[in-house]
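Written out below as structure tokens is the structure these notes cover.
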Amino acid sequence: TTDPLVVFTPSGKRGHFPVGTPILTAARQLGVDLDSVCGGRGICSKCQITPSYGEFPKHGVTVSEGALSEWNAVEQRYDDKRGLKPGRRLGCQASVQGDVVIDVPPESQVHRQVVRKAAAARAITMDPATRLYFVVVEEPDMHSPTGDLERLERALREQWDIEAVTADLTLMSKLQPVLRKGKWEVTVALHKGHKDSVARIVEIWPGLHEGGLYGLAIDLGSTTIAAHLTDLETGEVKASSGLMNPQIRFGEDLMSRVSYSMMNPGGDQEMTKAVREAINDLVTSIAEEAGIDASLIVETVFVCNPVMHHLLLGLDPVELGQAPFALATSESMSLPARDMDLTTMNPRAQVYILPCIAGHVGADCAAVALSEEPGKSQDLVLIVDVGTNAEILLGNTSRVLACSSPTGPAFEGAQISSGQRAAPGAIERIEIDPVTKEPRFRVIGSDKWSDEDGFDQEIATTGITGICGSGIIEAVAEMRIAGLLDEGGLIGSAEQTGTARCVPEGRTHAYLIHDASAEGGPRITVTQGDIRAIQLAKSALYAGARLLMDEMNVEKVDRVVLAGAFGAHISTKHAMVLGMIPDAPLEKVSSAGNAAGTGARIALCNIGSRAEIERVVREITKIETAIEPKFQDHFVAANAIPHKTDPFPELAL
Ligand code: FES
8 TTDPLVVFTP
18 SGKRGHFPVG
28 TPILTAARQL
38 GVDLDSVCGG
48 RGICSKCQIT
58 PSYGEFPKHG
68 VTVSEGALSE
78 WNAVEQRYDD
88 KRGLKPGRRL
98 GCQASVQGDV
108 VIDVPPESQV
118 HRQVVRKAAA
128 ARAITMDPAT
138 RLYFVVVEEP
148 DMHSPTGDLE
158 RLERALREQW
168 DIEAVTADLT
178 LMSKLQPVLR
188 KGKWEVTVAL
198 HKGHKDSVAR
208 IVEIWPGLHE
218 GGLYGLAIDL
228 GSTTIAAHLT
238 DLETGEVKAS
248 SGLMNPQIRF
258 GEDLMSRVSY
268 SMMNPGGDQE
278 MTKAVREAIN
288 DLVTSIAEEA
298 GIDASLIVET
308 VFVCNPVMHH
318 LLLGLDPVEL
328 GQAPFALATS
338 ESMSLPARDM
348 DLTTMNPRAQ
358 VYILPCIAGH
368 VGADCAAVAL
378 SEEPGKSQDL
388 VLIVDVGTNA
398 EILLGNTSRV
408 LACSSPTGPA
418 FEGAQISSGQ
428 RAAPGAIERI
438 EIDPVTKEPR
448 FRVIGSDKWS
458 DEDGFDQEIA
468 TTGITGICGS
478 GIIEAVAEMR
488 IAGLLDEGGL
498 IGSAEQTGTA
508 RCVPEGRTHA
518 YLIHDASAEG
528 GPRITVTQGD
538 IRAIQLAKSA
548 LYAGARLLMD
558 EMNVEKVDRV
568 VLAGAFGAHI
578 STKHAMVLGM
588 IPDAPLEKVS
598 SAGNAAGTGA
608 RIALCNIGSR
618 AEIERVVREI
628 TKIETAIEPK
638 FQDHFVAANA
648 IPHKTDPFPE
658 LAL
């Protein structure tokens with residue numbers, strides 16, 4: 008006679024086990040991904056499974072009613088207290104009695120897949136660096152004296168196969184009271200990075216900790232700081248929040264911040280302090296928004312450009328301001344958050360910063376490469392991450408090139424007369440009727456166009472606060488399509504354009520989008536100065552892309568991916584009309600949203616991806632735009648809308 012057969016779905020893993028074997032044990036022996044925090048004690052409920060009954064010709068089994076053991080007292084107690092979903096069992100309590108098919112639902116898998124919003128994007132597999140373990144620790148004994156930490160360590164070894172752990176002094180000071188409060192049952196959060204040989208105790212709670220564990224993925228831009236609070240068990244984003252980078256007061260763009268540091272002794276430290284304070288505030292507010300205790304944030308991943316990278320770490324960025332643009336280090340960094348004065352998250356939280364690619368191409372670009380994987384693309388893909396400094400990648404399976412380009416903050420709504428960052432009240436979409444030249448628009452926080460029934464009148468009068476990055480891109484492109492703007496970017500007069508919305512402004516003209524000044528609201532225009540700022544930004548972006556195409560020796564790319572903090576909202580058509588990107592069939596231009604932020608999230612949720620991006624970054628070829636004379640040529644040629652020199656056959660203008 009053979010032992011009963013256990014088949015796990017969806018993995019398809021199967022094996023024979025003696026009657027009485029707990030399902031969790033069978034799963035472990037077969038390498039089936041079934042979660043457990045309490046180690047099979049029937050209290051964490053992470054091990055839930057669903058047995059199936061009936062005939063399964065596919066698996067060659069018939070599962071009869073008594074295939075699993077009856078509910079035992081532990082399972083009954085759990086169900087009484089918390090309630091198991093119908094059909095569910097605790098895998099650590101239910102044992103094998105006959106042939107059985109066991110389904111492991113996604114929420115019971117440790118390495119569950121987190122689906123990303125963009126359809127084409129690969130899913131994130133959960134494998135975080137910090138995890139929870141419930142242990143029962145032996146009580147101290149007069150006759151064999153050992154320390155509490157040593158007995159905790161032994162319990163972790165015996166119950167979880169964890170070889171060794173370290174604990175810092177701040178943790179040590181909690182250890183004894185917590186062990187006693189939990190009556191020798193505690194939950195510990197252990198952090199083990201991909202390069203660590205020993206795990207570190209980040210936190211300890213009496214009994215079973217059920218409050219969850221969280222991490223932050225932070226995209227630290229020159230203009231904005233964006234953070235995603237992520238559940239480290241499920242991968243779910245609990246809250247997203249952003250604020251302006253307070254370093255703006257020291258200089259709008261990166262180079263002016265570097266020169267601030269050069270001109271003012273201690274200036275770098277001032278900027279470091281400002282950004283760290285802002286991050287501390289952001290941690291507090293995002294935790295509040297998600298309704299969690301900020302001390303449950305045990306990990307933070309940063310992506311940022313090289314100057315932000317140095318200023319965050321408290322390193323003087325002065326070398327980044329002059330050739331050969333040497334970084335203090337291009338390697339990834341893993342360090343305690345408190346070394347960076349990040350004090351509002353857990354005091355023992357760990358920070359990971361992605362590697363930089365070169366002196367001008369930062370960890371944010373590495374994050375985009377992690378998210379968009381140009382090195383795995385069969386066709387030649389151009390990825391532009393639009394920010395104050397654009398990060399550009401061009402490549403396919405054979406080779407990947409990267410550069411950055413100083414676009415300035417215009418695409419983020421800064422340096423634009425009515426500009427603002429993407430937040431409620433900002434105009435994010437604009438259409439201009441080519442015949443009447445009348446605009447219609449949509450405002451963040453409202454789901455109606457301005458000319459639709461039910462468009463909020465309060466928004467219409469005083470609720471509009473400005474134009475954000477995607478809005479200004481659409482506005483300029485629409486003005487060009489509607490003939491309000493010539494190829495050189497000059498706004499026509501009312502007589503030339505046939506609309507009274509083209510109003511004089513100084514010696515030039517501006518296009519009036521919205522005027523609520525009579526009601527005390529704002530007057531929103533696109534000025535000649537705005538057009539010039541956008542022209543400079545888009546020329547820089549385009550010139551960077553062209554430089555990579557020169558290096559690759561191609562005239563066309565197969566595919567373009569637009570990424571940036573304004574994310575999914577950017578209209579690919581308008582980006583093309585503007586000439587932000589080289590000509591390509593419109594259906595081959597896609598928007599990836601905040602790819603750098605996504606890359607940060609991937610690195611937060613999966614430690615394997617950290618090793619992967621460190622390897623990928625070493626293989627990327629860096630192109631330096633600042634010392635390349637052809638960059639200037641491309642820049643000048645790209646000033647027209649779209650361009651003078653390069654053909655745009657895919658765009659019928
Ligand atoms: Fe914790 Fe089953 S493993 S309840």
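Just so you know, we're using the numbering used here here: the sequence shown kicks off at 8 and counts up by one. We treat Cβ as the ideally placed atom computed from N, Cα and C, and that holds for glycine.
The DSSP-derived three-state label of Ser59 is strand. The C-alpha of Ser229 is placed about 15 Å away from the C-alpha of Ser266. CA-to-CA, the gap between Ala607 and Ser180 works out to about 33 Å. Looking at the DSSP output, Val623 sits in no beta bridge, so it has no partner there.
Annotated three-state conformation of Gly606 is helix, per DSSP.
Beta bridge pairing from DSSP links Thr137 with His198.
Apart from sequence neighbours up to five positions away, the residues of its chain that approach Glu277 with a beta-carbon distance below 8 Å are Phe257, Asn271, ordered along the chain.
Rounded to whole angstroms, the separation of the alpha carbons of Val193 and Gly90 is 23 Å.
Every beta strand (DSSP E) of 3 residues or more that sits fully in the stretch 74-116 is shown, in chain order, as 107-110.
If you check the C-beta of Leu75 against ligand 1, you find no heavy atom less than 7 Å away.
Per DSSP, Ile30 is one residue of the alpha helix (DSSP H) stretching across 30-37. Scanning its chain for C-beta atoms nearer than 6 Å, with the 5 sequence neighbours on each side dropped, one finds around Gly274 the residues Tyr267, Ser268, in chain order.
Checking the 7 Å criterion, the Cβ of Val103 is out of range of every heavy atom belonging to ligand 1.
In this structure, Ile474 sits near Gln427, with a CB-CB distance shorter than 8 Å. Judged by DSSP in its simplified three-state form, Ile255 adopts helix. It is roughly 29 Å from the alpha-carbon of Val143 to the alpha-carbon of Glu243. With respect to the 8 Å criterion, Thr137 and His66 are not classified as neighbours on the basis of their beta carbons.
Rounded to the nearest whole angstrom, the CA to CA distance from Val624 to Leu239 is 25 Å. A direct Cα-to-Cα measurement between Thr395 and Glu419 gives close to 7 Å. Here Lys637 is exposed: its Cβ has fewer than 16 other Cβ atoms, across all protein chains shown, within 10 Å. Contact annotation, Ile30 with Ala74: C-beta distance approximately 11 Å; criterion of less than 8 Å not satisfied.
Cα atoms of Asn287 and Ser43: separation of roughly 33 Å, rounded to the nearest angstrom. Taking 4 residues as the minimum length, the alpha helix (DSSP H) runs contained wholly in the stretch 544-601 are 579-585, in order along the chain. Taking 7 Å as the cut-off, one finds at least one heavy atom of ligand 1 near enough to the beta carbon of Val44. In its own chain, leaving out the 5 sequence neighbours on each side, no residue places its CB closer than 7 Å to the CB of Gln639. Counting of Cβ neighbours within 10 angstroms places Ile634 among the exposed residues, the total staying below 16.
Measuring C-alpha to C-alpha distances from Val26 to each of Pro11, Lys455, Trp191 identifies Pro11 as the nearest. Under DSSP, Lys629 forms a beta bridge with Ala409. Rounded to the nearest whole angstrom, the C-alpha separation of Ala540 and Ala417 is 6 Å. Between Cys612 and Ile304, the beta carbon gap of about 14 Å keeps them out of contact (Cβ cut-off 8 Å). The beta carbons of Ala397 and Ala547 sit about 7 Å from each other, so the pair counts as a contact at 8 Å. Taking C-alpha positions only, Arg487 is separated from Glu284 by approximately 42 Å.
As the crow flies, the alpha-carbon of Leu554 is around 28 Å from that of Gly478. Across the set Val388, Val442, Ser424, Gly499, the C-alpha of Ser424 shows the shortest separation from the C-alpha of Thr472. Trp191 carries a coil assignment under DSSP once its states are collapsed to helix, strand and coil. A distance below 6 Å between beta-carbons, with the five flanking residues on each side excluded, links Thr351 to the following residues of its chain, in chain order: Asn287, Val290, Thr291, Ala301.
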